[in-house]
Amino acid sequence: MANTKKNSNDNMPNAHLHELFVDELRDILGAEKQLLKGLKKMAGKATNEMLKTAFEEHLAQTEEHAERLKKVFESIGLTARGKKCKAMEGLLNEAEEIIEEFDGSEALDAALISAAQKVEHYEIASYGCLVTYAKLMEHAEAEEILTTTLNEEKETDVKLTEIAMSEANVAQ
């Protein structure tokens, strides 16, 4: 029998994942909102124009990611509500330390890329798990939305690596 209430645990496949899925959605929504402030600061500190532009582009993308997450919540019949992400808080605190330590240094942009890639890898891991949970619970709309964001996070990571290898990590 088909389940008409999308967020009911009773009849959905792999219903044991539902609470974890919702908790992880709340965590990554909080993380995306926290990241907005961090990306503004990183963009402001970057000295390389390509890197500054990459941070600014990812800032706009991050705003879109938060909006997409609201659609994911809607798709499973819930109101979007984030929670403080302790992992993102730690990653952004580390980025802040890096900025303080390397501000004015030729290595600042390389340090910013390092901090940003740590954030990207956290997001890639989080979205990867969410895509898997959505797929296993047959939340097709959520899976599609989350996959789009996962792919953008991966593209950002590749872009940061390219900037590091061609610009920030090499002596000019």
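Numbering follows my numbering, in which position 132 of the sequence shown is assigned residue number 139; successive positions increment by one, without gaps. Yeah, the Cβ is synthetic: ideal placement off N, Cα and C, and Gly gets one too.
Within the same chain, and ignoring the five residues on either side of Tyr129 in sequence, the residues whose Cβ sits closer than 8 Å to its Cβ are Ala38, Ala94, Met95 and Leu98. The Cβ-Cβ distance between Leu167 and Tyr134 does not fall below 9 Å. The stretch 146-166 and the stretch 119-129 touch, with no fewer than 3 CB-CB distances between them shorter than 8 Å. Within the same chain, Ile105 and Phe109 come within 6 Å of Ala118 by CB-CB distance, once the 5 residues on both sides are set aside. Burial is judged here by how many other beta carbons sit within 10 angstroms of a residue's own beta carbon; Asn55 has at least 16 and is buried.
According to the DSSP assignment, Met49 belongs to the alpha helix (DSSP H) that extends over His25 to Lys52. Of all alpha-carbon atoms in Leu24, His23, Ser112 and Glu150, the one lying nearest the alpha-carbon of Val138 is that of Glu150. With a cutoff of 9 Å on beta-carbon distance, Ile152 and Val79 are scored as near each other. As the crow flies, the alpha-carbon of Ala50 is around 43 Å from that of Met19. According to the DSSP assignment, Ile170 belongs to the alpha helix (DSSP H) that extends over Ala147 to Ile170. As the crow flies, the alpha-carbon of Gln41 is around 31 Å from that of Asn21. The stretch 78-137 contains, as complete alpha helix (DSSP H) runs of 4+ residues, the segments 93-109 (chain order).
Ranking Ala67, Ala141 and Met144 by CA distance to the CA of Lys44 puts Ala67 first.
Its Cα nearest to that of Phe28, the residue Tyr140 stands out among Glu160, Tyr140, Met172 and Glu63. Sorting Gly111, Leu36, Glu103 and Glu160 by C-alpha distance to the C-alpha of Lys47 places Glu103 at the top.
Met144 sits in coil when the DSSP states are folded into three classes, being neither helix nor strand.
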